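For the sequence shown, the positions run 511 to 843 when the working numbering is used.
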Amino acid sequence: MGLKFEEEFLACCASTKFAKEMAEASPFSSLDEAVTAARDIWFNKVDVNGWLQSFSAHPQIGNSPSPSSHSTSAQWSKGEQATAVATATSSSLQELAEWNAKYRQKFGFVFLICASGKSSDGILAELKKRYPNRPIVEFEIAAQEQMKITELRLAKLFAAKENVTSTGNKNPTIVAKKAEEDRVSIIGGHLTATASEASSVKTSQAPTRTRPPITTHVLDVSRGSPGAGIEVCLEMWKGFQPRPVFGESNAGGWVFQGSSTTDNDGRSGQLMSIVDVVNPGIYRINFNTGKFCPGGFFPYVSIVFEIRESQKLEHFHVPLLLSPFSFTTYRGS
């Protein structure tokens, strides 16, 4: 049993790039395999335009999906907001609409939250909490919420296919109940895991890598487009001290590992060799942001991070969200 059609994946996430990549990577033998692929594609292959395309397909919390929405997606969206609608009053719906409008005016896209099981008051409280965020931070949060929604919908697709392919000798009620229990168990683990837990891989299950263990990409949030043509350099700490010390000169302690220039999607080329086991240690990625944005505040940006012994089989994606006067990053999968 597996998923393999773009239309199925578009119902889970409205990014056409995401759906195409998922279809090419399919079929998937299990939900866990599909979710792992989905996270890699969403965070490592779909660019900022794909994220915004997906965001735009969601109805405002409290509103019905538009007539042009994907029928399956619209049905799921209605179900995901069922608790919020059931717990709402006319006054809370009005306040939610007002805050939704304020949010969209500030950030340029709909307030996105995995609404399944959440009350209208809980959603409104989260909206107010996130509203003061900088756009670059909120953009990242929205992408994480979209991934939660995608995982839930992938589980629904798998549950539906399991019901269809079950043999006629089994009690349909028992089969449906078992599929739902499996869905809740698997998705619950994904939604509650920390970023490091979700990306950790046991030694016995480690697949042969198809890309370097450290990658990056740049999103220019001021223009709403990938940061193409940015020079990137990867270094590793090899100084006399075990680790660089804040406030002390680190001259000569960093050793060059590789360099590249971001492509049209803002993704770096190969910064290091493709190896199954990455050497534990402290790494630094340098971005030549001054050349990319001459009028910006930062002549260059450096991101320092540590890979521990227990993480040497993992993949580290360290993206940069950049605007002329601010930047942020996060650990991807």
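For every residue, glycine included, the Cβ atom is placed at its ideal position computed from N, Cα and C. Remember, it's a predicted structure, so these values are computed and weren't measured experimentally.
For residue i, the nearest candidate out of the options (CA to CA)
i      : options                           : result
Leu781 : Ile792, Ala584, Thr725 and Met657 : Thr725
Ala544 : Trp561, Ile817 and Lys666         : Lys666
Ala533 : Val556, Phe515, Gly627 and Gln563 : Phe515
Arg719 : Gly734, Ser783 and Ser732         : Ser783
Val788 : His827, Glu819 and Ser600         : Glu819
Leu634 : Ala653, Leu662, Asn643 and Gln604 : Gln604
Gly627 : Leu606, Leu664 and Ser587         : Ser587
Ala596 : Cys743, Glu608, Trp609 and Ile571 : Ile571
Val728 : Thr526, Lys555, Lys638 and Arg549 : Lys555
Trp552 : Phe837, Leu832, His827 and Pro834 : His827
Residue i - partner residues in DSSP beta bridges
i      : result
Glu517 : Its beta-bridge partners do not exist; DSSP assigns none.
Thr838 : Leu831
Val728 : Leu830
Leu744 : Gly768 and Ile795
Ile813 : Ile795
Cβ neighbour criterion (16 or more within 10 Å) applied to residue i
i      : result
Thr660 : buried
Asp786 : exposed
Asp799 : In the sequence on display, residue 799 carries Thr and not Asp. With 16 or more other Cβ atoms within 10 Å, it is buried.
Met657 : buried
Gly618 : exposed
Pro809 : exposed
Ala567 : buried
Gly560 : buried
Glu590 : buried
Ser905 : Shown here, the chain extends from 511 to 843; a query on residue 905 therefore has no answer.
Glu655 : buried
Thr772 : buried
Pro829 : buried
Gly805 : exposed
Pro736 : buried
Collapsed DSSP secondary structure at residue i in the structure displayed
i      : result
Gly632 : helix
Val545 : helix
Met532 : helix
Glu690 : Low confidence applies to Glu690: its pLDDT is 46, below 50, so where it sits in the model is not reliable enough to give any reading.
Ile696 : With a pLDDT of only 41 at Ile696, under 50, the local geometry of the prediction cannot be trusted, and the value read off the model is given with reservation. Reduced to three states, the DSSP call for Ile696 is helix.
Ser735 : strand
Thr704 : Any reading at Thr704 is ruled out, since the residue's pLDDT is 34, under 50, leaving its predicted position unreliable.
Arg614 : helix
Notebook entry, point to check: Is the region 521-540 touching the region 800-818, taking contact as three or more C-beta pairs under 8 Å?
Noted result: no
Next item on the list: State whether the region 603-617 contacts the region 636-653, with contact taken as three or more CB pairs (one from each stretch) at a distance under 8 Å.
Entry: yes
Check: Okay, do the region 789-797 and the region 724-743 touch, 3+ Cβ pairs below 8 Å being the bar?
Finding: yes
Notebook entry, point to check: Does the region 762-771 come close enough to the region 741-749 that 3 or more CB-CB pairs lie under 8 Å?
Noted result: yes
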